[in-house]
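Written below as structure tokens is the structure these notes are about.
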Amino acid sequence: MVGNNVSHSNTKTKRRFLPALVPATLVSEALGQSFKLRITNSALRTLDFRGGLDVFLAKAKDEQLSPRALKIKRQLKAKLAETAAA
Numbered sequence: 091m092v093g094n095n096v097s098h099s100n101t102k103t104k105r106r107f108l109p110a111l112v113p114a115t116l117v118s119e120a121l122g123q124s125f126k127l128r129i130t131n132s133a134l135r136t137l138d139f140r141g142g143l144d145v146f147l148a149k150a151k152d153e154q155l156s157p158r159a160l161k162i163k164r165q166l167k168a169k170l171a172e173t174a175a176a
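If you want the working numbering, it's the 1-based position in the sequence shown plus 90.
Given below as structure tokens:
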């Protein structure tokens with residue numbers, strides 16, 4: 091998002107509103123690995139609400155995920171398909 095900084099003298103200058111990214115270590119139970127990702131606080135709350143990283147990635151649309159999250163999702167799908175076949 092963009093907006094304005096407004097000074098005491100009412101001078102307006104452009105500014106950007108950037109998301110508050112926090113480094114988080116997320117554990118995938120199916121893969122048995124932990125991953126370090128930079129995600130927003132709201133995404134972290136969503137992960138907790140949905141039941142963890144594995145469930146979140148399984149239901150998330152590919153267009154909404156970062157390239158790193160897509161890579162983890164592909165690994166997760168391969169692992170789940172492997173365990174289902176065995």
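Just so it is clear, CB atoms sit at the ideal spot from N, CA and C, and this is done for glycine as well.
- Ranked by Cα distance from Pro109, the first of Phe139, Gln123, Asn131 is Asn131.
- Look at Ala159 here: in three-state DSSP terms it is helix.
- In the three-state reduction of the DSSP assignment, Asn100 falls in the coil class, being assigned neither a helical nor a strand state.
- Within the region 108-156, the complete beta strand (DSSP E) segments at least 3 residues long are 111-118, 123-130, listed from N- to C-terminus.
- Shortest Cα-Cα distance from Met91 to any of His98, Phe107, Thr101, Ser99 involves Phe107.
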